[in-house]
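Residues in the sequence shown are numbered from 1 upward in steps of one, following full-length UniProt numbering.
From the three backbone atoms N, C-alpha and C, an ideal C-beta is built for every residue, glycine too.
Keep in mind the model is a prediction, meaning the values are calculated, not measured.
For reference, the structure discussed in these notes is given below.
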Amino acid sequence: MEEAKQIVTDIQQGHIKPIYFLMGEEPYYIDKISEYIENNILDEAEKGFNQMVLYGRDVAIDDIVSNAKRYPMMSERQVVIVKEAQDLSRSIEKLVDYANNPQPTTVLVLNYKYKKIDKRKGLYKSLKKTGVVFESKKLYDNQVPDWIRRVLSGQGYQITPKAAQMLVEFLGTDLSKIENELNKLKIVLPQGSQITPEAIEENIGISKDFNNFELRKAIGERNMTKAFRIVKYFGDNPKDNPMVVTVSLLFNFFSQLLQYHGLNDKSPRTVASALKINPYFVNEYTSAARNFPIKNVSKIVALLREFDVKGKGVGANATPQGDLLKELLVKIFG
1 MEEAKQIVTD IQQGHIKPIY FLMGEEPYYI DKISEYIENN ILDEAEKGFN
51 QMVLYGRDVA IDDIVSNAKR YPMMSERQVV IVKEAQDLSR SIEKLVDYAN
101 NPQPTTVLVL NYKYKKIDKR KGLYKSLKKT GVVFESKKLY DNQVPDWIRR
151 VLSGQGYQIT PKAAQMLVEF LGTDLSKIEN ELNKLKIVLP QGSQITPEAI
201 EENIGISKDF NNFELRKAIG ERNMTKAFRI VKYFGDNPKD NPMVVTVSLL
251 FNFFSQLLQY HGLNDKSPRT VASALKINPY FVNEYTSAAR NFPIKNVSKI
301 VALLREFDVK GKGVGANATP QGDLLKELLV KIFG
């Protein structure tokens with residue numbers, strides 16, 4: 001995030017490089033940097049003759065180089081943007097000659113999503129010398145709530161830890177999807193607001209009471225009534241609550257609980273750091289550890305592996321997912 005901001009800041013200050021090679025698993029920042037260049041390097045009058053968008057599936061490296069070597073018309077610079085450049089992965093190293101000697105009046109942007117070029121080869125080394133290489137790494141599940149908090153903080157909003165966790169559990173780690181939902185909330189909530197689970201339920205449709213976050217908490221507290229009520233809701237709404245997601249999140253929870261049992265220092269700060277969780281959730285692990293001794297946790301982790309396979313249709317083809325989840329709870333609590 002900070003590296004992406006710095007690239008934009010440098011451009012704003014007039015420090016513009018002839019090549020921007022944007023690569024990596026997370027497309028969000030690749031799109032953001034590319035969009036900023038597309039919208040801000042040239043003014044509207046200059047774009048007609050001096051801005052071009054190409055697509056990797058439609059061009060060869062020679063086509064890109066040919067366009068990049070053109071001189072701008074009645075403008076200081078031209079901008080050439082190559083979207084979906086990963087489609088050129090087999091021939092991308094041929095760009096090395098241009099990277100060694102880029103046209104100084106061209107800003108060439110390559111969006112190389114979901115992949116990386118080999119850092120040991122000549123192209124990477126040349127790009128580092130003459131341009132900018134930005135690698136957009138995928139965030140882990142436990143990093144996304146903090147990303148949500150920082151993004152909203154920069155826009156004048158706050159969000160509760162539970163609300164951030166609800167978004168991650170419902171939307172996954174796709175930052176673009178999360179941003180779209182946050183934008184919906186910002187339309188209805190005034191700047192300075194705190195985003196709560198109630199606001200998410202009302203405006204996005206994620207239930208604040210019937211979700212994986214609440215199921216995890218109910219299991220940790222051995223609140224069987226609440227856990228079975230949530231699982232029944234999941235069984236009645238399987239499309240919005242796929243079993244594979246529920247089992248995966250429970251597997252992560254009990255794996256972390258196993259790690260918790262192994263800690264010598266169980267102070268909140270140490271637990272939060274070791275388990276890579278928000279300190280707000282430490283009490284849930286402390287409570288769950290009292291209710292599930294380490295031997296039980298080891299068995300439950302193995303059990304969740306078994307039900308992960310069943311949830312994918314192996315050995316339980318005719319069993320509804322709701323019934324599988326009820327069976328899983330019976331065995332966890334047993």
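Chain B within 8 Å of residue 114, Cβ atoms only: The structure shown has no chain B; it contains just one protein chain.
In terms of alpha-carbon separation, which member of 92, 110 and 231 lies closest to residue 19? 110
Cβ-Cβ distance between residue 325 and residue 297 below 8 Å: no
Assigned secondary structure, residue 134 (DSSP; H/G/I helix, E/B strand, else coil): strand
Where does residue 21 sit, in a helix, a strand or coil, going by DSSP? strand
DSSP puts residue 110 in a beta bridge; with which residues? 21 and 82
Once the 5 residues before and after residue 323 are set aside, which same chain residues still bring their CB inside 8 Å of it? 235
Cβ-based burial, residue 57 [other Cβ within 10 Å; buried from 16]: exposed
Let me confirm a value: residue 34 is counted as buried when at least 16 other C-beta atoms fall within 10 Å, else exposed. Which label applies? buried
Can you confirm whether the segment 16–31 touches the segment 42–57 when touching is taken to mean that 3 or more C-beta pairs between the two stretches lie within less than 8 Å? no
Backbone secondary structure at residue 314 - three-state DSSP: coil
Which same chain residues, not among the five before or five after residue 243, have their C-beta less than 7 Å away from its C-beta? 311, 321, 324 and 325
In this structure, how does DSSP classify residue 325 when only helix, strand and coil are distinguished? helix
Hey, could you find the ends of the alpha helix (DSSP H) residue 166 is sitting in? 161–171
Assess, as a yes-or-no matter, whether the segment 144–164 is touched by the segment 184–195 under the definition of 3 or more beta carbon pairs within less than 8 Å. yes
Measuring only the C-alpha atoms, how far is residue 318 from residue 126? 57 Å
Quick one: give me the first and last residue of the alpha helix (DSSP H) that residue 51 is part of. Where residue 51 is concerned, there is no enclosing alpha helix (DSSP H), although the beta strand (DSSP E) it sits in stretches over 51–55.
Within the chosen definition, does the segment 226–235 reach the segment 200–218 through at least 3 CB pairs nearer than 8 Å? yes
State yes or no: is the C-beta of residue 177 within less than 8 Å of the C-beta of residue 171? yes
Contact check, residue 260 vs residue 289, beta carbons under 8 Å: yes
What residues are listed by DSSP as bridge partners for residue 158? 194
Hey, residue 145 and residue 278: beta-carbon distance below 8 Å or not? yes
Coarse secondary structure for residue 102, derived from DSSP in three states: coil
May I ask which residues mark the beginning and end of the alpha helix (DSSP H) holding residue 236? 224–236
Please name the residue in 134, 225, 285 and 217 whose C-alpha comes closest to that of residue 8. 134
Reference residue 90; option with closest CA among 78, 61 and 82: 61
When DSSP labels each residue in this structure, what does residue 188 get in the three-state scheme? helix
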